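Peer 1: Okay, so the sequence shown: first residue is 0 according to numbering that gives the first Met the number 0, each after it adds one.
For every residue, glycine included, the Cβ atom is placed at its ideal position computed from N, Cα and C.
As the structure is a computational prediction, the values presented were derived from the model and not from experiment.
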Amino acid sequence: MSLQINDLIFSYNKRDLFKGISDSLLPGTVHFLAGPNGSGKSTLLKLLCGCLPAQSGSVKLSGRDLKSLSHTARARQLGVVWQSIADDLDFTVRELVTILAGARFTRLGRLSNQDALLIEEALEKFGLGKIGRQSFNTLSGGERQRTALAGAWALAPQILLLDEPTSALDPAWRNRVMDLLDDYALTQTVLMVTHDLELLGRAHGRVWLLDNAGNFIAGNAGEVLTEGVLTQVYSSPARVEITPGGRRRIYFD
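(1) Thinking just about the alpha-carbon of each residue, which of Gly244, Ser235 and Arg246 is nearest to the one in Asp252?
(2) Mark Gly221 as exposed unless 16 or more other C-beta atoms lie within 10 angstroms of its C-beta, in which case mark it buried.
(3) Using three-state DSSP, classify Leu25 as helix, strand or coil.
(4) Are the segment 194-207 and the segment 27-41 touching by the rule of at least three beta carbon pairs closer than 8 Å?
(5) Among the candidates Thr242, Pro243, Ile241 and Ile216, whose CA atom is the shortest distance from the CA of Thr230?
(6) Tell me which residues share the same chain as Phe125 and place their Cβ nearer than 6 Å to its Cβ, disregarding the 5 neighbours each side in the sequence.
(7) Less than 8 Å between the beta carbons of Phe135 and Phe90, yes or no?
(8) Alpha carbon to alpha carbon, what distance is there between Ala171 and Arg201?
(9) How is Asn174 classed by DSSP in three states: helix, strand or coil?
(10) Would you give the residue range spanned by the alpha helix (DSSP H) that Asn112 belongs to?
(11) Look at the Cβ atom of Ser23, then the Cβ atom of Leu7, and state whether they are nearer than 8 Å.
(12) Buried or exposed, going by whether 16 or more other CB atoms sit within 10 Å of the CB of Lys18?
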């Protein structure tokens with residue numbers, strides 16, 4: 000399923016955040032959204048998932064306007080992982096993953112077989128199988144982040160939006176989660192917000208950059224992740240190096 004934005008306009012407190020931005024994303028690889036603090040990355044995610052209405056323009060899922068979809072249809076097709084979850088949720092890890100996955104129950108109050116399998120798979124993939132009965136309130140920041148990711152994974156959405164999903168993870172889990180997302184993105188559309196320059200450097204799909212002047216720059220990674228563009232976006236001299244393995248290393252002086 001593709002995700003398209005068409006002439007999207009949004010202003011906040013008399014400031015134009017997005018001035019007629021357009022682009023489209025397809026399955027195949029993880030796409031990235033980056034930019035300095037306050038440039039509107041989280042706001043754009045809220046527009047993409049329908050949490051905020053745009054003043055003009057449209058968001059479409061494979062050509063169908065997001066506003067035309069019922070809440071249920073939208074929730075099944077489009078998953079979102081925000082940077083943080085409320086810390087006062089009185090649920091176990093397994094219960095919260097089940098809720099986030101929008102699991103369906105039989106008339107006897109049991110999980111459907113399909114959802115039960117997806118939830119078990121998600122718990123194992125994100126290293127939560129052994130703490131499934133533990134209270135969410137007792138978890139570390141990284142464990143909470145993995146719980147949110149597991150819930151989105153078990154939902155199995157066709158479009159997955161992620162707001163800095165690795166910010167609380169240690170290096171080993173960050174790499175493992177990125178491997179999982181790379182696999183997921185082969186068949187589904189994934190857009191990830193990040194401040195992590197190392198992760199941004201591994202991009203090879205579409206990259207969306209926002210700056211604090213309301214500019215939106217979109218293109219393939221090789222076109223956008225250049226020293227000139229990054230210097231403009233971050234208002235700081237950027238340096239880009241290509242490793243022998245073909246990855247970019249991005250530095251700011």
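Peer 2: In this structure, then:
(1) Its Cα nearest to that of Asp252, the residue Ser235 stands out among Gly244, Ser235 and Arg246.
(2) Result: exposed.
(3) Here Leu25 sits in coil by DSSP.
(4) Counting Cβ pairs under 8 Å, three or more are found: they touch.
(5) For Thr230, the nearest C-alpha among the options comes from Ile216.
(6) Answer for Phe125: Arg145, Leu148 and Ala149, listed in chain order.
(7) Against a cut-off of 8 Å, the Cβ pair of Phe90 and Phe135 comes out as a contact.
(8) One C-alpha to the other measures close to 16 Å.
(9) Helix at Asn174.
(10) Asn112 to Lys124 is the span of the alpha helix (DSSP H), which, as asked, contains Asn112.
(11) No, they are not a contact pair.
(12) It is exposed - the Cβ of Lys18 has fewer than 16 other Cβ atoms within 10 Å.
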